[in-house]
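Q: The listed protein sequences correspond, in order, to chains A and B. Residue numbering for the first sequence follows this note's numbering, beginning at 155 and increasing consecutively. Residue numbering for the second sequence follows this note's numbering, beginning at 155 and increasing consecutively. For each residue, glycine too, the CB sits at the ideal point set by N, CA and C.
Protein chains: 2
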Amino acid sequence: MTALPRLMHTMLHVADIDRTLAFYCGVLGMTVQIDRRNPATQHRNAFVGYGPYDTTAQVEFVSYGDRPTYDKGDAFGHLAIGVNDIAGLCAKVEAAGATVSRPPKLLPSGSTIAFIVDPDGYEIEVIQPAQIAGAKPA
Amino acid sequence: MTALPRLMHTMLHVADIDRTLAFYCGVLGMTVQIDRRNPATQHRNAFVGYGPYDTTAQVEFVSYGDRPTYDKGDAFGHLAIGVNDIAGLCAKVEAAGATVSRPPKLLPSGSTIAFIVDPDGYEIEVIQPAQIAGAKPA
């Protein structure tokens, strides 16, 4: 267990967790840390991340069998992931049939950012940080 | 810079960033890592977290001067933070005039969880993890 306090996760409702995991794991390279199902209620929740649940920030996905859609509103903005190869990741996203809504753009800070869209329509900012110590965000 | 890939942040729109920072920093104990304003557009975005932007997960808050409210929908669920003293934190939340929507509850796993509400109405799950190695989530 890493030091507390810490940000542990962000929870998002999704329509189909299998489809979600195929994207976040198969395309974005996260791994499933926890996957729990309640057959009686059709409730399922899964935690994915780039490291263990006990030490790294996760995304929790929740679905209910009788709720195929959710209202996104406009309050939630996006998740953001940092990667080493933004061009490679965006190519992988497109090869998987998913959308790159804003192609990679180099910013004055030296970071490169892009936006992609997950299977439920959630936006994900992809950041390839400037390769300098103390780089500021895009 | 820690190893990539990693989850970097979750972005939420808020009505009043000063009010938001007073809660996330003054009550929850995060610190402001970045705070940028564009006077021309009244756009402001601030990153807060329990550690540096370059190495730890953050929450990004964004506001626009002409958008006092946002539609939350029901797709986004919550943020979750892990703490050492859930009772103390919930007392602090109530002392600040904010809402503890679900008081601390000890789960069979040994974790204790509660839910609190931030100034914009976003839910935050508070988790005091079981004090055992490899503790599973609440």
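Since I believe V216/A is in contact with G203/A (beta carbons under 8 Å), could you give me their beta-carbon distance rounded to a whole number of angstroms?
A: With 8 Å as the limit, G203/A and V216/A do not qualify as a contact, their Cβ atoms being about 15 Å apart.
Q: State the Cα-Cα distance for the pair H163/A and K259/A, rounded to the nearest angstrom.
A: If I take the Cα positions, the gap works out to 28 Å.
Q: Which of the residues in the stretch 211 to 239 of chain B, read from start to end, lie with their CB under 8 Å from any CB of chain A?
A: Cβ contacts with chain A come from A211, Q212, V213, E214, V216, Y224, D225, K226, G227, D228, A229, F230, G231, H232, L233, A234, I235, G236, V237 and N238.
Q: Taking 8 Å as the CB-CB limit, is G264/A close to chain B?
A: So no, G264/A is outside the interface.
Q: Within 10 angstroms of the Cβ of A287/B, are there 16 or more other Cβ atoms? Answer buried if so, exposed if not.
A: Only weak support is given to the placement of A287/B: the predicted model assigns it a pLDDT of 42, under 50, and the value that follows is read from those uncertain coordinates. Per the 10 Å Cβ criterion, exposed.
Q: Would you say I281/A faces chain C, with C-beta separation under 8 Å as the test?
A: In summary, chain C is missing from the structure at hand, where the protein chains are A and B.
Q: Relative to the C-alpha of A252/A, which candidate in L233/A, I188/A and I278/A has its C-alpha closest?
A: It is I278/A.
Q: By the three-class DSSP mapping on this structure, what secondary structure does D172/A have?
A: Helix, per DSSP.
Q: Measure the alpha-carbon distance for V254/B versus L182/B and round it to whole angstroms.
A: If you take the alpha carbons of V254/B and L182/B, they lie about 13 Å apart.
Q: Any chance the stretch 215 to 234 of chain A sits against the stretch 219 to 236 of chain B, with 3 or more Cβ pairs inside 8 Å?
A: These segments touch.
Q: With a threshold of 8 Å between beta carbons, is A167/B in contact with chain A?
A: It should be noted that the sequence gives His, not Ala, for residue 167/B. Interface residue, yes.
Q: Nearest CA to the CA of K236/B: which residue from L233/A, I240/A and T210/A?
A: A small fix is needed here, since residue 236/B is Gly in this sequence, not Lys. Comparing Cα-Cα distances from G236/B to each of L233/A, I240/A and T210/A, the minimum goes to T210/A.
Q: Within a Cβ cutoff of 7 Å, which residues of the same chain sit near V247/B, ignoring the five residues on either side of it in sequence?
A: Counting only Cβ-Cβ distances below 7 Å, and skipping sequence neighbours, we find V181, V254 and I270.
Q: What does a CB cutoff of less than 6 Å around F201/B pick up in its chain, not counting 5 residues either side in sequence?
A: Cβ within range, chain order: Q187, I188, Y207, Q212 and E214.
Q: When you compare the CB of R160/A with every CB in chain B, is at least one pair closer than 8 Å?
A: Cβ-Cβ to chain B under 8 Å: yes for R160/A.
Q: For T164/A, which residues in chain B fall below 7 Å Cβ to Cβ?
A: Simply T164 and L233.
Q: Hey, how far is the Cα of G131/A from the Cα of P159/B?
A: Residue coverage of chain A in this structure runs from 155 to 292, which leaves residue 131/A outside it and unanswerable.
Q: Against chain B, does G203/A count as a neighbour if the rule is that its beta carbon must be under 8 Å from one of theirs?
A: True, the Cβ-Cβ gap to chain B drops below 8 Å.
Q: Taking 7 Å as the line, does the beta carbon of H167/A fall inside it for any heavy atom of the ligand MN?
A: The ligand content of the structure shown is nil, which means the ligand MN is not present either.
Q: According to DSSP, what are the bridge partners of I240/B?
A: Looking at the DSSP assignment, I240/B forms no beta bridge with any residue, so it has no partner.
Q: I'd like to know whether the C-beta of G183/A is nearer than 8 Å to at least one C-beta of chain B.
A: By this cut-off, G183/A is an interface position.
Q: Is K246/A helix, strand or coil when you go by DSSP?
A: Of the three classes helix, strand and coil, the one that applies to K246/A here is helix, per DSSP.
Q: Beta-carbon within less than 8 Å of C179/A's beta-carbon, same chain only, minus the 5 sequence neighbours each way: which residues are those?
A: Counting only Cβ-Cβ distances below 8 Å, and skipping sequence neighbours, we find T185, V186 and V202.
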